[in-house]
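Notes follow the structure.
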Amino acid sequence: MSSMIATRDAYGETLAELGGEDSRIVVLDADLSGSTKTGVFAKKFPERFFNMGIAEANMVGTAAGLAAVGKVPFLSTFAIFAVGRAWEQVRQSLAYPKANVKVVATHGGVTVGEDGGSHQSVEDVAIMRAVPNMTVIVPADGVETKAAIRAAAAYKGPVYVRLGRNKVPTVFPADYRFEIGKGTELVAGTDLTFITTGLMTAQAVTAAEQLKKEGVSARVVHIGTIKPLDREIIAKAARETGVIVTAEEHSIVGGLGSAVAEVLAEECPVPLKRVGVNDRFGTSGKAEELLKYFGLTAEDLVEAGREMLARK
Amino acid sequence: MNEQVTHLEEKARQLRVAIVKTLHKSQSGHTGGSLSAIDMVTALYFHKMRHNPSDPSWEGRDRFVLCKGHAAPAQYVALAEAGYFPKEDLMTLRRLGSHLQGHPDSKVTPGVEVCTGSLGQGLSMAVGMALGLRLDQRDNRVYALLGDGELQEGQVWEAAMAAAHYKTDNLCAMVDANGLQIDGEVAKVMNVGPIADKFRAFGWQTLEIDGHDMGAILAALDKAETLKGAPTVIVARTVKGKGVSFFENKASYHGVPPSDEELPRALECLGEQCNL
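Shown next as structure tokens:
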């Protein structure tokens, strides 16, 4: 975990690279190109960049139209607007027709920070996961973001990618190979498993190191694709370690924790604790403060791990 | 030209008959708005648009988006008449397993470009198509048919703003202004007028016609093609249920199919013998 990079920065860089490799790629933004980093693409390929103004519903529909004539549109805004404001457009114009459009939302979760609860999306993964035909990806770091954006571009169909605002530690090696629908065992372990996504994966790796000092062997499984879900890696962790802690920078309702609970209930019921935003809205504060405030730190995961070990 | 107008008028009459028979068979669907739109749909599919029914994804085709997706029967009868699929398929409308869904579905119906039906989204898709075609330096045109009630959706105006901003003069919108929506008169439910003035204020070229005057429809479509630097909207005054006297101007026939009793009378209105 040497370098720190924001997943949105990795996105902007990769999108600009892809623009040079595939002329079908077009990019749409809703007046947030500086924040979402689509501005990097816009500068390089101005004729293939469309600023749609502060009008997310129309941006989604326009992307669907571009896809219908053979383009590969990437559209970006904050998660709360892409999924919240334009949900039914994403459903009707993108998912229902299986439009080849990539919705890459930045500023997911509470680490949006000072802007507060109005801008902190804690429901987007749950909402996107419920939509048929939709693929849902939540990368852990810059390395995975780059690979996931390339995978999304290569995949034919609608994809939702959730990125963050702030720099996060790199957990994956540079040669990491991302595959849609596959989870990754980052840390081997036999006593319990952390199943995590997004920036919580780095926290889980730190938590596993701490627990190791206490003689506890904690596995860390990163789920980069929430949908389709890697059910096998989850069931295997349940069978082999007996207790599960999920962690996500998202509501515990409907996100990764819920998805894992569904798999466990159907395939291998074991004790489960879901760490996440506990069915409440965000609030203003610094990102680091908010992770503490909502119980989303490595220390919180260590605590959750101990609690679950006691239930074995 | 007069011969062509007469030919298209007869084609539109036949398609009205097909709409009435299709909706009678399905006993579910939107009669009034299909009949108000069919003259414009006829003009597009059998005169104006370049398309190839034997190759629905032919790259040289013009695009049509039925924004008011509930008028799907109007598009389906035109597609069947043009040869995209057998006319017998019309009798499966809205049935389980049919490729003719209640609202247009590009996944299953040959000749349907996008999924519409949730009002307000179609014009945005048409804008995207226009931008994409222009990016590829193609001269293909995009036609979008909206309802006047549909103009109540805010997204239509987001799309109108974007179309003018990006000067998509390869886009022609048509408003089937029949003046009625499910709950009653558009002007009373939520007034959208003056329609042409609003589009003008958004930066569009506007043409206003009688949407059942085939000569006027063809002239407006030709004129729209010559207007450069901005998208064009043709605001077409129409009559909901046009052609079947007892359906005309009745909001109650928005989403109601012809009954067994009404079918022969409806066909008689359309100058057709009923063989039932």
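Here the protein sequences come in this chain order: H and R.
Under this note's numbering, the first sequence is numbered contiguously, ending at residue 313.
Under this note's numbering, the second sequence is numbered contiguously, ending at residue 894.
Even for Gly, the Cβ is constructed at its ideal location relative to N, Cα and C.
C-alpha distance - residue 63 of chain H paired with residue 73 of chain H, whole-angstrom precision: Within the first sequence, numbered from 1, the residue matching residue 63 of chain H stands at position 62. Within the first sequence, numbered from 1, the residue matching residue 73 of chain H stands at position 72. Taking the straight line from one Cα to the other gives about 12 Å.
One question on the structure: do residue 8 of chain H and residue 169 of chain H come within less than 8 Å of each other, judged by their Cβ atoms? What you label residue 8 of chain H is simply residue 7 of the first sequence in a count that begins at 1. What you label residue 169 of chain H is simply residue 168 of the first sequence in a count that begins at 1. Yes, the Cβ-Cβ distance between residue 8 of chain H and residue 169 of chain H is below 8 Å.
What residues in the stretch 37 to 51 of chain H have a beta carbon less than 9 Å from any beta carbon of chain R? Hits within the stretch, in order: 48, 49, 51.
Within 10 Å of its beta-carbon, does residue 80 of chain H have 16 or more other beta-carbons around it, so buried, or fewer, so exposed? Taking the first residue of the first sequence as position 1, residue 80 of chain H is located at position 79. Under a 10 Å Cβ-count criterion, residue 80 of chain H is classified as buried, with 16 or more other Cβ atoms of the shown protein chains found around its own Cβ.
Can you say whether residue 676 of chain R is buried or exposed, counting buried as having 16 or more other CB atoms within 10 angstroms of its CB? Counting from one through the second sequence, the residue named residue 676 of chain R turns up at place 58. So residue 676 of chain R counts as exposed.
Is there at least one Cβ from chain H nearer than 8 Å to residue 749 of chain R's Cβ? Residue mapping note: residue 749 of chain R aligns to position 131 of the second sequence, counting from 1. It does; some Cβ of chain H falls within 8 Å.
Does the stretch 787 to 796 of chain R come close enough to the stretch 846 to 866 of chain R that 3 or more CB-CB pairs lie under 8 Å? yes
Taking only beta-carbon positions, decide if residue 331 of chain H is within less than 8 Å of chain R. There is simply no residue 331 of chain H to check, as chain H begins at 2 and stops at 313 in what is shown.
Paired residues, beta bridge with residue 198 of chain H - DSSP: Indexing the first sequence from 1 puts residue 198 of chain H at position 197. In the DSSP output, where bridge partners are listed per residue, residue 198 of chain H has none listed.
Could you round the C-beta distance between residue 76 of chain H and residue 41 of chain H to whole angstroms and report it? I think they count as a contact, below 8 Å. The residue labelled residue 76 of chain H in the question sits at position 75 within the first sequence. The residue labelled residue 41 of chain H in the question sits at position 40 within the first sequence. About 15 Å; that fails the 8 Å criterion.
Can you pull the chain R residues whose beta carbon is under 7 Å from the beta carbon of residue 89 of chain H, in chain order? Along the first sequence, read from residue 1 onward, the residue named residue 89 of chain H stands at position 88. 736, listed in chain order.
For residue 724 of chain R, would you say it is in contact with chain H, using Cβ-to-Cβ distances shorter than 8 Å as the test? Numbered from 1 along the second sequence, position 106 holds the residue referred to as residue 724 of chain R. Interface residue, yes.
My parser needs the beta strand (DSSP E) runs of 3 or more residues fully inside the stretch 776 to 804 of chain R; what are they? 789 to 795
Rounded straight-line distance, which links the Cα of residue 780 of chain R to that of residue 227 of chain H: By one-based count along the first sequence, residue 227 of chain H stands at place 226. By one-based count along the second sequence, residue 780 of chain R stands at place 162. In a straight line, the C-alpha of residue 227 of chain H is about 34 Å away from that of residue 780 of chain R.
Cβ-based contacts, 8 Å cut-off: residues of the stretch 62 to 88 of chain H near chain R: 62, 63, 64, 65, 66, 67, 68, 69, 70, 71, 72, 74
How big is the Cα-Cα spacing for residue 699 of chain R and residue 705 of chain R? Indexing the second sequence from 1 puts residue 699 of chain R at position 81. Indexing the second sequence from 1 puts residue 705 of chain R at position 87. Computed Cα separation, rounded: 7 Å.
Find out if the Cβ-Cβ distance for the pair residue 166 of chain H, residue 114 of chain H is shorter than 8 Å. As a first step, residue 166 of chain H is located in the first sequence; it is residue number 165 there, counting from the start. As a first step, residue 114 of chain H is located in the first sequence; it is residue number 113 there, counting from the start. Cβ distance < 8 Å, so residue 166 of chain H and residue 114 of chain H count as in contact.
Going along chain R in order, which residues have a C-beta closer than 9 Å to the C-beta of residue 5 of chain H? Here residue 5 of chain H is taken as the residue at index 4 of the first sequence, counted from 1. Near residue 5 of chain H there are no residues of chain R at all, since even the closest Cβ is about 37 Å away, more than 9 Å.
Using the Cα positions of residue 769 of chain R and residue 282 of chain H, report the straight-line distance between them to the nearest angstrom. Here residue 769 of chain R is taken as the residue at index 151 of the second sequence, counted from 1. Here residue 282 of chain H is taken as the residue at index 281 of the first sequence, counted from 1. Cα to Cα, the separation comes out at about 34 Å.
Does the beta carbon of residue 285 of chain H fall short of 7 Å from some heavy atom of the ligand MN? In the structure shown, the ligand MN is absent, as is every other ligand, since no ligand is present at all.
Should residue 175 of chain H be labelled buried (16 or more other beta-carbon atoms within 10 Å of its own) or exposed? Position 174 of the first sequence, counted from the start, is the residue given in the question as residue 175 of chain H. Per the 10 Å Cβ criterion, exposed.
Taking C-beta pairs closer than 7 Å, name the residues in chain R that residue 53 of chain H reaches, listed in chain order. Here residue 53 of chain H corresponds to residue number 52 of the first sequence, with the count starting at 1. Neighbours of residue 53 of chain H on chain R, chain order: 780.
Using beta carbons (cut-off 8 Å, strictly below), is residue 248 of chain H in contact with chain R? Looking up residue 248 of chain H in the first sequence gives position 247. Output row for residue 248 of chain H: interface = no.
Using only the alpha-carbon positions, how far apart do residue 801 of chain R and residue 657 of chain R sit? Taking the first residue of the second sequence as position 1, residue 801 of chain R is located at position 183. Taking the first residue of the second sequence as position 1, residue 657 of chain R is located at position 39. Straight-line Cα distance between these residues: approximately 24 Å.
Whose C-beta lies closer than 6 Å to the C-beta of residue 586 of chain R among residues of the same chain, with five residues either side of it excluded? No answer is possible for residue 586 of chain R: the residues shown for chain R start at 619 and end at 894.
Chain R within 8 Å of residue 97 of chain H, Cβ atoms only: To locate residue 97 of chain H, count along the first sequence from 1; it is residue 96. Yes, residue 97 of chain H counts as interfacial toward chain R.
Other residues of its chain near residue 623 of chain R: CB distance less than 6 Å, five sequence neighbours each side excluded: Translated into positions along the second sequence, residue 623 of chain R becomes position 5. Answer for residue 623 of chain R: 832, 833, listed in chain order.
Figure out for me which residue from R:839, R:821, R:678, R:843 has the closest Cα to the Cα of residue 828 of chain R. Counting from 1 along the second sequence, the entry for residue 828 of chain R is found at position 210. Looking at the Cα atoms, R:839 is the closest of the given residues.
What residues are listed by DSSP as bridge partners for residue 52 of chain H? Within the first sequence, residue 52 of chain H is the residue found at index 51, counting from 1. According to DSSP, residue 52 of chain H bridges with H:30.
Which chain H residues are close to residue 888 of chain R, counting only those with a beta carbon under 9 Å from its beta carbon? Reading the second sequence from its first residue, position 270 is the one you call residue 888 of chain R. By Cβ distance, chain H contributes nothing, its closest Cβ being about 34 Å from residue 888 of chain R, past 9 Å.
Backbone secondary structure at residue 674 of chain R - three-state DSSP: As a first step, residue 674 of chain R is located in the second sequence; it is residue number 56 there, counting from the start. In the structure shown, residue 674 of chain R sits in coil (DSSP, three-state: anything other than H, G, I, E or B).
Using a Cβ cut-off of 7 Å, which residues of the stretch 166 to 184 of chain H contact any Cβ in chain R, in chain order? none
Below 9 Å between beta carbons is the criterion; list the residues of the stretch 648 to 675 of chain R that meet it against any residue of chain H, in chain order. none
So with CB distances below 8 Å, who are the chain H contacts of residue 777 of chain R? The residue labelled residue 777 of chain R in the question sits at position 159 within the second sequence. Correct list: 59, 62, 63.
Determine the chain R residues that contact residue 259 of chain H at a beta-carbon separation under 9 Å, and present them in chain order. The residue given as residue 259 of chain H occupies position 258 in the first sequence. Neighbours of residue 259 of chain H on chain R: none; closest Cβ ~27 Å, over 9 Å.
Nearest neighbour of residue 231 of chain H, chosen from H:217, H:17, H:198 [CA to CA]: As a working note, residue 231 of chain H is residue 230 in the first sequence. Nearest of H:217, H:17, H:198 to residue 231 of chain H, Cα basis: H:198.
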